[in-house]
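The block underneath contains the structure these notes are about, expressed in structure tokens.
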Amino acid sequence: MMKKLSVIVPVYNEEKNVSLLYQSLVQVATELSNYKFEFIFVNDGSKDCSWQTLKSISADSRVIAIDFSRNFGKELALTAGVQSCSGDAAIFLDADLQHPPALIPQFVKKWENGAEIVAGIRKSTEKKSFIKHIGSKVFYELMRRFSRNVVTQNSTDFKLIDRKVINELVKFTEHNRLFRGLIEWMGFKTETIEFTASERINGTASYSLKKLINLAINSFTSFSLFPLKLAGYLGILITTISFLLLCVMLVFKFILHSNMFSAISYIIVSNTFVLGIVLIALGLIALYIGQIHAEVIGRPLYVIREKIRSVPEN
Ligand code: UDP
Ligand code: MG
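Residue numbers (this note's numbering): 7 to 320.
Printed below as a string of structure tokens:
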């Protein structure tokens, strides 16, 4: 039987790019003629004529076009694509041709050789604004240090995932999601392909700095409790220091009978001591919130790669 590949493309204000992309996808499909194809375009509330263009290319029966009622963001557009794909593997691709479709055969080859995820890694040579550059550096560094799941630097959404991974991915119910973070969280056998992101063909990148910062904060808080625990650590530090200081001061006063410390300094130090305890309490609350957070986002408990024989039902 012929295997089927689903290409999933999120589209936000890309009227000039979708037909170009579609043409290159058609070309890839002719190249990989021993595969069936499905092109899934998710229109994420575009304000331009992207949807009209998508409707016109959907004369091709391989095209599935999905129109969101408003802009929900790329992560959810990709999710919708995954939920409606029927291929043996899915390939995610940006609509702006920054993820070269010509590389798809290489992705497919690695997949055929046994990789369950083939991840496109951006070569870091491309131009980026200074702020975006520093921002992404800081973000990846923080993620690497403080979160149990590592998000690879320069990783992109240009990925191929096997049907096994798709079946697991659709089980995630969390609303705030970083798509590539989830895919990395799952594990699976991953191969990488390096590519140079070309300049965006038409239009401007819609990920404004504000959106990027939001995405970074959301992914940080959904993968790490560090910011909350920080209060607790700070509390432990402050309590210890002020406790030691208080001891020293009491020794001076009652044993050495010295008047080196004024009355007010005792008040200040004991105040700091109490403040430290309050911060520790905050840190403890963080632990509970962490538990609640983990339950509320309802991630799957574990991810199974394959089952040889299912347990017989009673
Ligand atoms: N995109 C989307 N919804 C949005 C913003 C972007 O579906 O709210 C799509 C966009 O059409 C493109 C991809 O996500 O296919 C990447 O967007 P962009 O090129 O703006 O981001 P960057 O290249 O800076 O990562
Ligand atoms: Mg882009």
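Positions of the beta carbon are idealized from the N, C-alpha and C atoms, including for glycine.
Taking R206 and Q104 to be in contact with their CB atoms under 8 Å, please state how far apart those CB atoms are, rounded to whole angstroms. As a working note, residue 206 is residue 200 in the sequence shown. As a working note, residue 104 is residue 98 in the sequence shown. With a contact defined as Cβ atoms closer than 8 Å, R206 and Q104 qualify at about 6 Å.
Chain-ordered residues, beta carbon under 6 Å from a heavy atom of the ligand MG: D100, D102, Q104, R206, A211
Classification of F136 by the beta-carbon crowding that lies within 10 angstroms, buried from 16 upward: Taking the sequence shown and counting its residues from 1, one reaches residue 136 at position 130. Exposed.
Query raised in the report: Taking 7 Å as the cut-off, does the CB of E20 come closer than this to any heavy atom belonging to the ligand UDP?
Result: Position 14 of the sequence shown, counting from 1, holds the residue named residue 20. For the ligand UDP, at least one heavy atom lies less than 7 Å from the Cβ of E20.
Return yes when the Cβ of I303 is within less than 8 Å of the Cβ of G174, no when it is not. In the sequence shown, residue 174 corresponds to position 168, counting from 1. In the sequence shown, residue 303 corresponds to position 297, counting from 1. Correcting the residue identity first, residue 174 is Glu in this sequence and not Gly. For E174 and I303, no; Cβs fall outside 8 Å.
Where R150 sits in the DSSP three-state scheme
Start at 1 with the first residue of the sequence shown, and residue 150 comes out as number 144. R150: helix per DSSP, three-state reduction.
For this session: Below 8 Å on the Cβ atoms is my guess for G238 versus G282; work out the distance and round it to an integer in Å.
Result: Mapped onto the sequence shown, residue 238 falls at position 232. Mapped onto the sequence shown, residue 282 falls at position 276. With 8 Å as the limit, G238 and G282 do not qualify as a contact, their Cβ atoms being about 10 Å apart.
- prompt: How about I123 and I167: are their beta carbons less than 8 Å apart?
  reply: Your numbering for residue 123 matches position 117 in the sequence shown. Your numbering for residue 167 matches position 161 in the sequence shown. Closer than 8 Å, so yes.
| Taking three-plus beta-carbon pairs below 8 Å as touching, is the region 91–98 in contact with the region 21–36? | no
Leaving out five residues before and five after A222 in sequence, what residues of the same chain have Cβ atoms less than 6 Å from its Cβ?
-> Residue 222 sits at position 216 when you count from the first residue of the sequence shown. Excluding sequence neighbours, A222 sits near F145.
**Asked** Near L252, what residues of its chain come up, given a Cβ to Cβ distance below 7 Å and the 5 sequence neighbours on each side ignored?
**Response** Against the sequence shown, residue 252 aligns to sequence position 246. Taken in chain order, the residues that qualify are V275, S276, F279.
Alpha carbons only, please: which of L11, Q297, N119, L38 is nearest the one belonging to I46? Counting from 1 along the sequence shown, the entry for residue 46 is found at position 40. It is L11 whose Cα lies nearest to the Cα of I46.
Original post:
Just to confirm, does Y28 get its C-beta within under 7 Å of one of the non-hydrogen atoms of the ligand UDP?
Top reply: By 1-based counting over the sequence shown, the position of residue 28 is 22. Checking the Cβ of Y28 against the ligand UDP gives no.
Beta carbon of I140, beta carbon of V34: below 8 Å?
Start at 1 with the first residue of the sequence shown, and residue 140 comes out as number 134. Start at 1 with the first residue of the sequence shown, and residue 34 comes out as number 28. No; because the gap between Cβ atoms is not below 8 Å, this pair is not in contact.
* Using a threshold of 8 Å, state whether the C-beta atoms of F74 and D102 are closer than that. => Against the sequence shown, residue 74 aligns to sequence position 68. Against the sequence shown, residue 102 aligns to sequence position 96. No.
| query | Which of helix, strand or coil does DSSP assign to T198? | reply | For the purposes of this step, residue 198 is taken as the residue at position 192 of the sequence shown. Correct three-state label for T198: strand.
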